[in-house]
Amino acid sequence: MKSGQGLTEESRLNAESRFSLAYDAAHSLALAALRWHGYRSENRHIVFQILGSTVSLPAAKWRFLDNCHQKRNRALYDGDYEEDEPLIRELIAVAKELQAAVEALGPVEA
Numbered sequence: 027m028k029s030g031q032g033l034t035e036e037s038r039l040n041a042e043s044r045f046s047l048a049y050d051a052a053h054s055l056a057l058a059a060l061r062w063h064g065y066r067s068e069n070r071h072i073v074f075q076i077l078g079s080t081v082s083l084p085a086a087k088w089r090f091l092d093n094c095h096q097k098r099n100r101a102l103y104d105g106d107y108e109e110d111e112p113l114i115r116e117l118i119a120v121a122k123e124l125q126a127a128v129e130a131l132g133p134v135e136a
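In terms of the numbering used here, the sequence shown is residues 27 to 136.
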């Protein structure tokens with residue numbers, strides 16, 4: 027699955043870039059899970075909030091991703107980014123877990 031490729035903790039990219047890439051991968055994977063079930067969303071944050079239903083992701087993890095969505099918005103729209111290496115490592119780990127869950131869904135049936 028291309029969305030999750032490149033999810034590594036070691037990188038020469040700066041923290042803001044690693045956060046952005048890991049967040050975007052997690053969002054793409056969450057969107058893929060939603061679409062696998064035949065749904066679409068008009069709002070970016072919904073794809074995280076429904077992960078408990080789409081891939082049985084525990085509430086603590088989808089809430090973490092929802093929190094990352096809020097941090098992403100503050101960084102993108104307000105320029106308010108604070109480097110947080112532990113958060114980035116956890117985001118990468120949760121994105122990898124999400125990747126495995128989405129891959130376990132299997133191919134979309136026509």
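We treat Cβ as the ideally placed atom computed from N, Cα and C, and that holds for glycine. Just so it is clear, the structure is predicted and the values come from calculations on it, not from any experiment.
Backbone CA spacing between residue i and residue j [nearest angstrom]
i, j, result
"asparagine 93", "glutamate 135", "32 Å"
"serine 29", "leucine 55", "Summary for serine 29: the model assigns pLDDT 46, below 50, so the residue's position carries little reliability; its value from the coordinates is reported in the next sentence. Their backbone Cα atoms lie some 6 Å apart in a straight line."
"isoleucine 114", "alanine 41", "8 Å"
"leucine 83", "aspartate 110", "23 Å"
"lysine 87", "isoleucine 118", "12 Å"
"proline 133", "serine 46", "27 Å"
"glycine 64", "proline 112", "34 Å"
"leucine 102", "glycine 78", "27 Å"
"glutamate 68", "arginine 44", "26 Å"
"glutamine 75", "glycine 105", "25 Å"
"glutamate 17", "arginine 61", "There is no way to answer for residue 17, as the model of the chain reaches only from 27 to 136."
"glutamine 125", "leucine 57", "11 Å"
"glutamate 123", "tyrosine 107", "25 Å"
"alanine 85", "leucine 91", "10 Å"
Proximity of residue i and residue j at Cβ, strictly below 8 Å
i, j, result
"arginine 98", "tyrosine 49", "yes"
"histidine 53", "arginine 70", "yes"
"valine 128", "valine 73", "no"
Counted within 10 angstroms of its Cβ, other Cβ atoms place residue i as buried (16 or more) or exposed
i, result
"glutamine 96", "exposed"
"alanine 121", "buried"
"arginine 38", "exposed"
"arginine 100", "exposed"
Anticipated Cβ contact below 8 Å, residue i with residue j, distance rounded
i, j, result
"alanine 59", "leucine 131", "7 Å"
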